[in-house]
Amino acid sequence: MSQAGGGFAPDPARDATATIHGFYYQVLTTLVRWLKLPEGNILFCECGEDLDELIFSDSMSTRRLEQIKVRSRPLTLRSPECLTAMAHLWQHQAQNPEVKIIYRFTTTGTVGKEQGFSFPLDESGISAWVTEQEGRHSPEGTMAFLATTRSLISDSSTPAGLEGAAYVAFQAWVLNSSDETLRAFVSDLEWAMACANADGTLETVIETLVAQGLAGRGADATEVADLLIARLLRLLSTTGEKLLTRATLTSALADRSALRDDAPLLVRFRGQLAHIANVVERTEATTGDIQRTTKDTQRKLGNLVEQLRAGGPVLGAPTLADSLPEPPPIRIRRDGLTLEAQGLLTPGAWVYVHAGSGMGKTTLLHDILEGSEYTVIGFKADERDPALLDQILQAQLRRISGDGIESNSAVAFRNL
Numbered sequence: 002m003s004q005a006g007g008g009f010a011p012d013p014a015r016d017a018t019a020t021i022h023g024f025y026y027q028v029l030t031t032l033v034r035w036l037k038l039p040e041g042n043i044l045f046c047e048c049g050e051d052l053d054e055l056i057f058s059d060s061m062s063t064r065r066l067e068q069i070k071v072r073s074r075p076l077t078l079r080s081p082e083c084l085t086a087m088a089h090l091w092q093h094q095a096q097n098p099e100v101k102i103i104y105r106f107t108t109t110g111t112v113g114k115e116q117g118f119s120f121p122l123d124e125s126g127i128s129a130w131v132t133e134q135e136g137r138h139s140p141e142g143t144m145a146f147l148a149t150t151r152s153l154i155s156d157s158s159t160p161a162g163l164e165g166a167a168y169v170a171f172q173a174w175v176l177n178s179s180d181e182t183l184r185a186f187v188s189d190l191e192w193a194m195a196c197a198n199a200d201g202t203l204e205t206v207i208e209t210l211v212a213q214g215l216a217g218r219g220a221d222a223t224e225v226a227d228l229l230i231a232r233l234l235r236l237l238s239t240t241g242e243k244l245l246t247r248a249t250l251t252s253a254l255a256d257r258s259a260l261r262d263d264a265p266l267l268v269r270f271r272g273q274l275a276h277i278a279n280v281v282e283r284t285e286a287t288t289g290d291i292q293r294t295t296k297d298t299q300r301k302l303g304n305l306v307e308q309l310r311a312g313g314p315v316l317g318a319p320t321l322a323d324s325l326p327e328p329p330p331i332r333i334r335r336d337g338l339t340l341e342a343q344g345l346l347t348p349g350a351w352v353y354v355h356a357g358s359g360m361g362k363t364t365l366l367h368d369i370l371e372g373s374e375y376t377v378i379g380f381k382a383d384e385r386d387p388a389l390l391d392q393i394l395q396a397q398l399r400r401i402s403g404d405g406i407e408s409n410s411a412v413a414f415r416n417l
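Below you can see the structure in the form of structure tokens.
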């Protein structure tokens with residue numbers, strides 16, 4: 002019975018858990034940026050990206066755009082999120098040539114390593130990106146990094162949520178830009194990986210409040226943090242321009258009674274957080290199981306391919322009906338089992354009988370053939386995974402017939 006009760010079956014596709022969790026993390030990260038905002042700078046929320054900091058200096062103004070993502074899996078330059086960040090930076094810079102724009106991609110995800118692409122020093126793409134930014138590549142290393150980056154981006158598909166024509170234009174720009182231009186682009190994009198989760202970010206908020214003398218230690222800092230979170234929730238839920246400055250922070254902290262008016266909003270929002278944490282934990286556990294299963298399947302398929310290439314004994318030699326092993330002198334018939342097996346043996350189907358030595362497999366095969374109208378080919382195999390077994394059998398049949406035989410149904414298993 003579902004949690005909804007009353008026999009109601011909710012639609013999992015309408016579960017906003019991940020969205021709420023991501024939004025809460027964005028609010029916490031926004032609060033950290035607000036607390037650490039230098040005097041004179043302006044922080045815009047939901048203006049082009051999640052955050053947009055207008056940085057003033059003596060020479061020129063700069064806009065730092067920031068995208069914030071909660072991810073539990075490793076990310077690489079080939080991940081859709083990272084490709085999207087690169088494309089977004091290029092679009093913003095192309096549309097605002099008179100403005101200095103830099104970009105920060107902030108995520109809880111860790112750094113993974115690309116498959117099929119080799120970066121200098123055997124680093125991951127993101128690590129090599131940082132190495133290039135810090136000027137630690139040799140001239141040859143820089144050339145290799147730029148070449149691999151161009152290849153990776155040009156080889157990628159359009160990430161979901163991006164317009165295909167715009168992404169193709171970005172790919173063309175990467176391929177045709179000079180090395181100097183591409184290096185400048187690389188220097189403008191910061192990968193802030195493996196950032197603290199929501200709990201860790203909330204701790205940073207509390208520590209910053211205390212360090213700046215904006216709240217006392219303990220319960221006072223926690224209360225102020227909660228009240229500022231509620232204020233941001235209210236701000237982000239309104240229409241129109243949303244900007245934050247040191248002056249708006251000082252004003253908000255000066256009147257805690259006004260902040261407390263927003264507290265019920267936070268209470269309602271936090272009512273979802275325990276459920277969110279539980280769902281995220283279960284999702285991460287499930288993801289781990291899927292990844293382990295996928296790796297095991299890939300390993301088995303890799304072994305299969307290598308054996309087929311080498312012509313190795315993936316299966317025993319095929320056995321046709323006229324060359325079956327002789328049955329034992331005394332045959333113990335099992336009519337019920339025979340009928341069951343014949344029922345499984347439909348056109349295009351595989352029937353896999355598993356049993357130890359001397360358990361009657363050969364006798365059963367003879368009994369099945371006596372009442373069967375089909376041509377039967379028998380193999381000996383150790384594999385018990387249905388998908389892999391079907392792959393193996395199809396491959397062997399292609400070697401026999403040249404064109405293979407399509408399987409119309411799943412592999413049927415029977416243990417004796």
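When the sequence shown is numbered by this note's numbering, its final residue is 417 and no position is left out of the sequence of numbers.
Glycine included, C-beta positions come from ideal geometry on N, C-alpha and C.
Keep in mind that this is a model prediction, so the values were computed, not measured.
Taking its Cβ as the centre, do 16 or more other Cβ atoms sit within 10 Å of residue i, making it buried, or is it exposed?
i, result
"V225", "buried"
"V412", "Caution is warranted here: a pLDDT of 45 is assigned to V412, below 50, making its placement in the model unreliable, and the coordinate value is therefore given only provisionally. Classification of V412: buried, given that the 10 Å Cβ count is 16 or more."
"G313", "With a pLDDT of 48 at G313, under the threshold of 50, the modelled position of that residue is not reliable, and no figure is offered here."
"Q96", "exposed"
"T150", "buried"
"A129", "buried"
Which residues in the same chain as residue i place their Cβ atom closer than 7 Å to its Cβ, once the five residues preceding and following it in sequence are excluded?
i, result
"P113", "It should be pointed out that residue 113 corresponds to Gly in this sequence rather than to Pro. Excluding sequence neighbours, G113 sits near P75, L76, T77 and S125."
"L203", "L29 and A226"
"W174", "W91"
Measuring only the C-alpha atoms, how far is residue i from residue j?
i, j, result
"L1", "I43", "No answer is possible for residue 1: the residues shown for the chain start at 2 and end at 417."
"L163", "T85", "7 Å"
"D1", "G23", "Any answer about residue 1 is impossible in this case: the structure gives the chain only from 2 up to 417."
"R15", "I21", "12 Å"
"I127", "W192", "7 Å"
"P160", "E341", "50 Å"
"I230", "R64", "24 Å"
"V206", "G117", "40 Å"
"Q213", "A170", "46 Å"
"T109", "L366", "57 Å"
"R235", "L176", "44 Å"
"S152", "L250", "46 Å"
"G219", "S155", "52 Å"
"G41", "Q27", "23 Å"
"D227", "E141", "51 Å"
"A255", "A248", "11 Å"
"L345", "I333", "21 Å"
"D368", "E327", "12 Å"
"P11", "A17", "12 Å"
"R137", "D59", "29 Å"
"G165", "A253", "44 Å"
"E135", "S119", "19 Å"
"A123", "Q172", "At residue 123 the sequence reads Asp, which differs from the Ala that was named. The alpha-carbon atoms of D123 and Q172 are separated by roughly 24 Å."
Pop quiz: residue i and residue j are said to be a contact at Cβ under 8 Å. What is the actual Cβ separation, rounded to whole angstroms?
i, j, result
"L245", "L38", "7 Å"
"A148", "P121", "Wrong, their Cβ atoms sit about 10 Å apart, outside the cutoff."
"V211", "A222", "5 Å"
"R79", "S178", "About 20 Å; that fails the 8 Å criterion."
"T111", "A195", "5 Å"
Here's a check: name, in chain order, each residue in its chain whose Cβ is nearer than 6 Å to the Cβ of residue i, leaving out the five neighbours to either side.
i, result
"F9", "none"
Judging by CA-CA distance, which residue of the options is the nearest neighbour of residue i?
i, options, result
"Y180", "L254, E204 and E133", "The displayed chain sequence assigns Asp, not Tyr, to residue 180. It is E133."
"L338", "G241, P329, F118 and T364", "T364"
"E242", "T251, F45, A216 and P98", "F45"
"C83", "R184, V100, P328 and E115", "E115"
"L190", "Q92, S58 and L254", "Q92"
"D53", "R335, S158, E141 and R34", "R34"
"R257", "L215, T202 and S119", "L215"
"M87", "V187, Q343 and S252", "V187"
"T209", "H138, T18, A17 and L36", "L36"
"K362", "Y25, R335 and L55", "R335"
"Y25", "R137, L370, R232 and D123", "R232"
"Q94", "S139, T182, S119 and D123", "T182"
Using C-beta distances below 8 Å, list every residue in its chain close to residue i, excluding the 5 sequence neighbours before and after it, in chain order.
i, result
"H1", "There is no way to answer for residue 1, as the model of the chain reaches only from 2 to 417."
"R184", "E133, T143 and L147"
"E47", "L237 and K243"
"S62", "L55, I56, V100 and K101"
"K70", "G23, E82, F106, T107, T108, T109 and G110"
"T240", "none"
"I329", "It should be noted that the sequence gives Pro, not Ile, for residue 329. Same-chain partners within the cutoff: T363 and T364."
Considering only heavy atoms of the ligand ADP, does any lie closer than 6 Å to the CB of residue i?
i, result
"T246", "Of ligands this structure carries none, so the ligand ADP is not represented either."
Distance cutoff 7 Å, beta carbons only. Does residue i sit that close to anything in chain D?
i, result
"D368", "You won't find chain D in this structure, because it holds only one protein chain."
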